[in-house]
Amino acid sequence: MEDRFDIGSFEDTGTRPEDGNFKYLDGLNSGQKAAVEALDGPVLVLAGAGTGKTRVLISRLAHILNCRDVRPWEILAVTFTNKAANEMQERTASIVGPQAIEIKLGTFHAIGVWLLRRHAELVGLERNFNILDTDDQLRLLKQIMAEQGVDQKKWPPRGLAAVIDRWKDKGLRADQVQGPESSDFAHGKAAALYALYQERLAAQNACDFGDLLLHVLTLFQKNPDILGIYQNRFKYILVDEYQDTNIAQYLLLRLLAQRHRNICCVGDDDQSIYGWRGAEVGNILKFEDDFPGAKVIRLERNYRSTSHILGAASGLIANNEGRLGKTLFTEGNDGEKVILNGLWDSPNEARWIADEIENLERKGTSLQEIAILVRASFQTRDFEECFLSMGIKYRVIGGLRFYERREIRDVLAYLRVINQPDDDLAFERIYNLPKRGLGDKALEKLRALARAENLSLSRAARLAVEKDVFKGKPQAALKNLMDCFDDWRAQKDLIPADELVEAVMEQSGYFDMWRQDKSPEAEGKRENLKELIPAIAEYESLAQFLEHVSLVMENNADNTSEMVSLMTLHAAKGLEYDVVFLPGWEEGLFPHQRALDENGLKALEEERRLAYVGITRAKKRCYISHVSNRRIHGQWQSSIPSRFVDELPRDHMSDQSDQGIYNTTRISEGFSHASWRNPDSSHLKEILEKRASANQKLVDNSTKPVGSASSDGRFSVGSRIFHQKFGYGRIIRKDGPKLEIAFEKAGVKKVMENFVQNT
230 MEDRFDIGSF EDTGTRPEDG NFKYLDGLNS GQKAAVEALD GPVLVLAGAG
280 TGKTRVLISR LAHILNCRDV RPWEILAVTF TNKAANEMQE RTASIVGPQA
330 IEIKLGTFHA IGVWLLRRHA ELVGLERNFN ILDTDDQLRL LKQIMAEQGV
380 DQKKWPPRGL AAVIDRWKDK GLRADQVQGP ESSDFAHGKA AALYALYQER
430 LAAQNACDFG DLLLHVLTLF QKNPDILGIY QNRFKYILVD EYQDTNIAQY
480 LLLRLLAQRH RNICCVGDDD QSIYGWRGAE VGNILKFEDD FPGAKVIRLE
530 RNYRSTSHIL GAASGLIANN EGRLGKTLFT EGNDGEKVIL NGLWDSPNEA
580 RWIADEIENL ERKGTSLQEI AILVRASFQT RDFEECFLSM GIKYRVIGGL
630 RFYERREIRD VLAYLRVINQ PDDDLAFERI YNLPKRGLGD KALEKLRALA
680 RAENLSLSRA ARLAVEKDVF KGKPQAALKN LMDCFDDWRA QKDLIPADEL
730 VEAVMEQSGY FDMWRQDKSP EAEGKRENLK ELIPAIAEYE SLAQFLEHVS
780 LVMENNADNT SEMVSLMTLH AAKGLEYDVV FLPGWEEGLF PHQRALDENG
830 LKALEEERRL AYVGITRAKK RCYISHVSNR RIHGQWQSSI PSRFVDELPR
880 DHMSDQSDQG IYNTTRISEG FSHASWRNPD SSHLKEILEK RASANQKLVD
930 NSTKPVGSAS SDGRFSVGSR IFHQKFGYGR IIRKDGPKLE IAFEKAGVKK
980 VMENFVQNT
């Protein structure tokens with residue numbers, strides 16, 4: 230069978246689907262049928278969640294072959310994943326036969342490779358060029374930065390890689406980077422480093438993944454005759470998930486479609502959630518401007534969710550201004566209303582969800598039909614700990630479980646060496662992490678010394694320090710590391726375990742390594758490291774915590790298929806479950822404060838689309854929750870419900886919140902969420918400033934958000950207090966640090982005492 234990405238000729242194989250076989254049209258609804266039959270000219274299919282877009286794409290491929298004088302190899306179909314490409318090829322073949330393999334179908338990168346292999350010499354490469362993976366890319370960037378004298382601690386290579394990838398996503402060559410674009414890394418040296426990087430790639434007959442499209446754009450822009458060949462060849466172009474295209478992909482499609490203009494893009498502007506990795510929602514929003522006379526067909530009949538779930542999602546997304554507009558509906562039953570619950574704190578939230586899961590399981594719902602979708606990966610820890618204690622099986626989709634994440638395992642390795650100096654595996658992991666100038670040769674010396682003296686590696690390292698085995702900087706670095714371990718062991722039984730882990734992260738330089746990292750994933754790494762601090766605070770000793778982690782990891786080895794799925798909202802795109810839980814709907818967390826800080830209203834609309842995606846993953850039941858108090862990165866923070874909660878249409882909601890915890894019937898008594906819709910509002914700035922201040926250190930337990938109140942008897946029932954958001958009130962109930970307060974304007978609320986002041 231011919232490889233669809235080979236570099237063979239355009240010879241016509243003579244195969245054609247059987248004329249007149251239109252069974253694939255049977256069962257299509259009116260919108261789907263219109264999308265299949267609108268073959269000529271530019272067409273935009275706005276396919277809402279669960280509306281059957283894959284069937285439309287496959288039926289459209291078959292219909293083109295049946296109704297137009299076109300050969301399979303004259304059709305270009307582009308997807309975003311190999312899985313989607315394979316599924317489309319197989320399902321099309323089931324309709325039109327084996328000739329479906331001749332359709333040029335694949336991901337953008339696969340199509341790019343195919344084109345470059347044919348014309349590599351025109352962009353300075355040979356046809357057998359290599360494609361660098363991320364590790365190779367970083368090694369090359371490190372070499373270039375070292376040669377140019379760039380401080381790699383202040384400007385990590387991973388950060389430069391992210392900058393270059395962003396430029397390539399925008400279709401920018403090194404000579405096209407100018408103005409503000411060129412000055413956001415290494416004091417304006419990024420563009421020059423980019424140029425050197427491209428020169429080095431060409432010298433090695435290599436390219437990275439971003440080049441697979443950038444080189445094709447260069448090829449077409451500088452060689453109109455080559456572009457003309459492919460414009461003539463591809464009479465019909467189909468694109469899936471168009472809302473996720475970046476600028477380079479958009480430019481490539483526009484070039485290819487100029488001749489015949491028979492381009493059909495299928496996507497959903499309401500599900501554009503990948504702006505942080507280069508996706509440009511504007512591509513789909515301006516389709517009619519780019520292709521005058523385009524037909525826009527809306528797929529609005531949903532085959533997945535109940536009407537209450539769809540109503541909640543549609544009401545929420547209607548608050549976005551940057552959208553083309555559609556309203557999902559179903560001909561199925563109403564189902565149950567979306568459940569909204571406000572809880573006291575995040576551990577209570579995890580326990581409530583776990584209890585609901587157990588109830589659902591008793592009533593016959595399979596665990597594999599239940600998902601928990603969080604905004605930030607650090608949120609998973611509360612659920613993982615709770616599920617472990619309750620014996621609920623779970624899997625993390627699209628990522629690792631909390632204690633399996635690289636940054637967590639690195640710090641755990643430090644802690645293991647502190648607790649047990651003879652743990653060689655742990656010592657090997659961190660002896661040169663972060664980089665200390667102790668490379669492989671130093672490790673071999675330590676191993677030889679350990680064997681000769683019958684010692685563990687860390688004890689051999691201490692001996693190497695005493696005997697001055699290494700010289701110069703390596704000796705000083707090893708001495709500093711071993712002195713740190715001596716100090717940490719001395720403190721191990723004298724200070725709380727959470728203070729110890731914070732000291733380890735700071736004094737080892739490990740947290741600073743991620744603090745200096747400018748890559749997109751670095752923020753998540755830092756969030757996870759901060760979340761480790763409250764995790765260890767729950768245990769009396771370091772040894773007890775490490776034992777707990779071992780039990781967690783052992784529990785994770787169970788690969789039974791009956792598991793709850795736990796993932797971020799971004800990872801949930803394209804998935805569906807009978808039951809979906811959406812925790813953490815609080816201002817600053819969702820919408821995420823960092824996104825709002827960086828991109829304002831544009832980010833707010835993407836966050837709202839993310840919420841829409843979350844709700845529409847649910848088929849039968851959807852639960853949304855928020856808490857009054859959440860411990861973020863080791864510090865308790867008072868929270869208010871997300872503005873998205875207020876935007877949910879009440880006709881489709883069932884609010885189970887306690888009246889004291891921001892019940893939606895009382896929200897208006899305290900403040901209007903409408904004021905939060907402006908990301909520049911004073912309310913939002915207040916929270917962002919408070920949280921930014923609280924996060925300047927990993928954890929500052931001596932600094933409370935308001936005053937420094939503690940459970941020392943300063944507050945009593947009847948006391949008059951002041952709260953920064955809710956104003957004046959009187960305490961009507963006290964339970965340790967938890968206060969129930971009747972506010973003069975905001976009604977009854979429950980808050981932690983460290984967020985109020987006596988008056």
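Mapping the sequence shown onto this note's numbering, position 124 (from 1) lands on 353, and the numbers just tick up by one.
No residue lacks a Cβ here, since even glycine has one placed at the ideal position from N, Cα and C.
Indicate the three-state DSSP secondary structure (helix, strand or coil) for Q986 in the structure shown. strand
Tell me the rounded alpha-carbon separation between W343 and F516. 27 Å
Near L811, what residues of its chain come up, given a Cβ to Cβ distance below 6 Å and the 5 sequence neighbours on each side ignored? L602, G843 and I853
Name the residue from I340, Q407, K418 and G353 whose alpha carbon lies nearest to the alpha carbon of I373. K418
Simplified DSSP assignment, three categories, for E208: There is simply no residue 208 to check, as the chain begins at 230 and stops at 988 in what is shown.
Does S857 pass the burial test, meaning 16 or more other C-beta atoms within 10 Å, or should it be called exposed? buried
Taking the Cβ atom as the reference point for each residue, do L675 and A689 lie within a distance shorter than 7 Å? yes
Can A306 and I330 be called in contact, C-beta distance under 7 Å? no
According to DSSP, simplified to helix, strand and coil, what is E682? helix
What are the boundary residues of the alpha helix (DSSP H) that includes A523? Run containing A523: none; DSSP gives neither H nor E here.
Residues in the same chain with beta-carbon distance under 7 Å from H489, minus the five sequence neighbours each way, listed in chain order, please. K464
Just to confirm my understanding: we take R949, look at its own chain, exclude 5 residues before and 5 after, and list those with CB closer than 7 Å. What are they? Y957, R959 and T988
Compare the C-alpha of N549 against each of V985, A832 and F438 and name the closest. A832
Within the segment 494 to 575, note down every full alpha helix (DSSP H) run reaching 4 residues or more, in order along the chain. 511 to 514, 516 to 519 and 536 to 546
Endpoints, the beta strand (DSSP E) within which F972 is located: K967 to F972
When DSSP builds the beta bridges, which residues end up paired with E815? P870
Given a cut-off of 7 Å on the beta-carbon distance, is the pair V808 and R846 in contact? no
Member of R289, L290, E636 and P703 whose CA lies at the smallest distance from the CA of N757: E636
Within its chain, find whatever has a CB closer than 8 Å to the CB of A706; leave out the 5 residues flanking it on each side and keep chain order. R665, G666 and L667
Do Y471 and I502 come within 7 Å of each other at the CB atom, strictly closer than that value? no
How many whole angstroms separate the CB atoms of F520 and P271, which I take to be in contact at a CB cut-off of 8 Å? 3 Å
If I'm right that L467 touches L422 with Cβ under 8 Å, what's the distance once you round it to whole angstroms? That pair is no contact at about 38 Å.
Three-state secondary structure (DSSP) of F810: strand
Fully enclosed by the segment 587 to 671, which alpha helix (DSSP H) runs are 4 residues long or longer? 609 to 619, 635 to 648 and 653 to 659
Based on DSSP bridge pairs, tell me the residues matched to Y465. I304
Can you tell me whether DSSP reads K399 as helix, strand or coil? coil
To the nearest angstrom, how far is it from the Cα of V698 to the Cα of Q720? 28 Å
With three or more C-beta pairs closer than 8 Å as the rule, is the segment 294 to 305 touching the segment 550 to 560? no
For R645, I'd like the list of residues in its chain whose CB is within less than 6 Å of its CB, leaving aside the five on either flank, ordered along the chain. D652 and A655
Spatial neighbours of G400 in its chain, beta-carbon cut-off 6 Å, leaving aside the 5 residues before and after: L446, I476, A477 and L480
Just grab the DSSP bridge partners of Y852 for me. I568 and F810
By alpha-carbon positions, which one of V985, D584, E835 and E791 ends up nearest to S867? V985
Measure the alpha-carbon distance for Q407 versus G507 and round it to whole angstroms. 19 Å
Assumed close pair V274, V495 - CB separation to whole angstroms, cut-off 8 Å: 4 Å
Tell me where the alpha helix (DSSP H) around M742 begins and ends. Y739 to Q745
Within 7 Å, strictly: CB atoms of D746 and R387: yes
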